[in-house]
Amino acid sequence: MFVVAGVSGHTGSVVAETLLSQRKPVRVVVRDAARGEAWKARGAEVAVASLTDAEAFGRAIEGAEGVYVLLPPFGFADEDPSRERPAQIAGITGALRKGRPAHVVVLSSIGAQHPAGTGPIAALHALEREVAATGVPATFLRAAYFMENWGASLAGAIEGGALYNALIADKKISQVATRDIGTTAARLLVEPVRSGTRVVELSGPVDYSLDDTAAALSAVVGKPIAAVQVPIEGLKGALKGMGASAAVADLYGEMTDAINRDHVSFEGGAALRVRGATTLETVLRSLLGR
Ligand SMILES: NC(=O)c1ccc[n+]([C@@H]2O[C@H](COP(=O)([O-])OP(=O)(O)OC[C@H]3O[C@@H](n4cnc5c(N)ncnc54)[C@H](OP(=O)(O)O)[C@@H]3O)[C@@H](O)[C@H]2O)c1
5 MFVVAGVSGH TGSVVAETLL SQRKPVRVVV RDAARGEAWK ARGAEVAVAS LTDAEAFGRA
65 IEGAEGVYVL LPPFGFADED PSRERPAQIA GITGALRKGR PAHVVVLSSI GAQHPAGTGP
125 IAALHALERE VAATGVPATF LRAAYFMENW GASLAGAIEG GALYNALIAD KKISQVATRD
185 IGTTAARLLV EPVRSGTRVV ELSGPVDYSL DDTAAALSAV VGKPIAAVQV PIEGLKGALK
245 GMGASAAVAD LYGEMTDAIN RDHVSFEGGA ALRVRGATTL ETVLRSLLGR
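Here the sequence shown is numbered in the working numbering, starting from 5 and rising by one per residue.
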């Protein structure tokens, strides 16, 4: 049995869909039973549990061949986005100790090798460390910057003819489609490690700068769109204008600065480097429904 958490989200949905298409036995974990109905209709078992509930999540993963898990995202307006992290990490690791699955694939991030200075990614460093300490064989799937992150900026960029971001305009950064994360995670689940941990670093087919992203968007919508690099403080101000709390804006500011300084980058070394096939243009088209 393969157990998939976060199944109503970007990556978990693709993991479950991919495994079901391969006729693998799948149990999805949802917090709200109603969200499991569509998966039940597709042949999955459904377990109702929060990742913060080690008892319930532990029962859901008991004896599983593989588990897919992620750290739930924080709210954009959350004044204290780190508050839930200890309970979430304790819930996941408590469940792994209780359920002892044969293998777990953890959605992590580029830059998670560093304990600090990476904004929201630092929580994934802590998650990796704590999962490794459970002794459950684990794959840490360190995904690049999600291509879908651009979704929030597209309407304004198309309307105003400019894509604003604090990323260095001509610096190519690793980006990946969430579909490629889901299909890669499904493959890693059926090709498990039997002991210890492995790190898999995943990006898209090529790297893209802010300039490249604006050019791809121009090509999709058929009008010129300029890339405009703003200071980190400008990014934080814009995020707050969109409803982010000061703490969330600070986290994204720190992460963007860390990407610009290569503090958020792939670790290399023993990590397995994988590239997905989905291009940024494909994701932009899909985000815009074109
Ligand atoms: N954005 C990036 O560039 C980037 C890069 C690398 C890694 N990441 C990681 O990717 C993660 C998000 O992955 P995603 O986009 O696939 O997720 P997503 O679309 O944001 O969905 C989150 C999922 O988690 C579930 N969830 C939330 N709280 C839960 C809880 N307490 N117990 C059980 N399930 C819970 C949600 O289910 P409900 O239906 O119950 O709400 C939903 O299915 C981030 O948290 C981050 O760690 C992001």
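Even for Gly, the Cβ is constructed at its ideal location relative to N, Cα and C.
So what does DSSP say about residue i, is it helix, strand or coil?
{"i": "residue 271", "result": "coil"}
{"i": "residue 245", "result": "helix"}
{"i": "residue 143", "result": "strand"}
{"i": "residue 138", "result": "helix"}
{"i": "residue 217", "result": "helix"}
{"i": "residue 61", "result": "helix"}
{"i": "residue 113", "result": "strand"}
{"i": "residue 283", "result": "coil"}
{"i": "residue 197", "result": "coil"}
{"i": "residue 108", "result": "strand"}
{"i": "residue 19", "result": "helix"}
{"i": "residue 81", "result": "coil"}
{"i": "residue 294", "result": "coil"}
{"i": "residue 183", "result": "helix"}
{"i": "residue 261", "result": "helix"}
Please report how far the alpha carbon of residue i lies from the alpha carbon of residue j, in whole angstroms.
{"i": "residue 2", "j": "residue 52", "result": "Residue 2 falls outside the range modelled here, since the chain spans only 5 to 294, and no answer is possible."}
{"i": "residue 15", "j": "residue 60", "result": "22 Å"}
{"i": "residue 54", "j": "residue 265", "result": "36 Å"}
{"i": "residue 220", "j": "residue 234", "result": "20 Å"}
{"i": "residue 10", "j": "residue 223", "result": "33 Å"}
{"i": "residue 72", "j": "residue 107", "result": "9 Å"}
{"i": "residue 166", "j": "residue 77", "result": "28 Å"}
{"i": "residue 69", "j": "residue 5", "result": "5 Å"}
{"i": "residue 44", "j": "residue 29", "result": "12 Å"}
{"i": "residue 198", "j": "residue 136", "result": "13 Å"}
{"i": "residue 293", "j": "residue 287", "result": "10 Å"}
{"i": "residue 67", "j": "residue 277", "result": "29 Å"}
{"i": "residue 239", "j": "residue 112", "result": "24 Å"}
From the DSSP output, read off the bridge partner residues of residue i.
{"i": "residue 177", "result": "212"}
{"i": "residue 69", "result": "Note: residue 69 sits in no beta bridge, so no partner."}
{"i": "residue 169", "result": "233"}
{"i": "residue 206", "result": "147 and 278"}
{"i": "residue 49", "result": "31"}
{"i": "residue 7", "result": "31 and 71"}
Assuming residue i contacts residue j (C-beta within less than 8 Å), just tell me the rounded distance between them.
{"i": "residue 269", "j": "residue 114", "result": "7 Å"}
{"i": "residue 217", "j": "residue 284", "result": "6 Å"}
{"i": "residue 206", "j": "residue 280", "result": "6 Å"}
{"i": "residue 151", "j": "residue 208", "result": "7 Å"}
{"i": "residue 56", "j": "residue 97", "result": "Contact doesn't hold; Cβ gap of about 11 Å is too wide."}
{"i": "residue 329", "j": "residue 263", "result": "Shown here, the chain extends from 5 to 294; a query on residue 329 therefore has no answer."}
{"i": "residue 33", "j": "residue 7", "result": "6 Å"}
{"i": "residue 203", "j": "residue 146", "result": "6 Å"}
Do the stretch 171 to 188 and the stretch 115 to 133 make contact, defined as three or more Cβ pairs closer than 8 Å?
no
With three or more beta-carbon pairs closer than 8 Å as the criterion, would you say the stretch 125 to 132 touches the stretch 73 to 86?
yes
Using a Cβ distance threshold of 8 Å, determine whether the stretch 91 to 101 contacts the stretch 146 to 164, with at least three qualifying pairs required.
With a cut-off of 8 Å, the stretch 146 to 164 and the stretch 91 to 101 do not count as touching, because too few Cβ pairs lie within range.
So does the stretch 20 to 27 actually touch the stretch 182 to 191, counting three or more Cβ pairs closer than 8 Å?
yes
The stretch 131 to 146 in contact with the stretch 163 to 172 per 3-pair CB rule at 8 Å:
no
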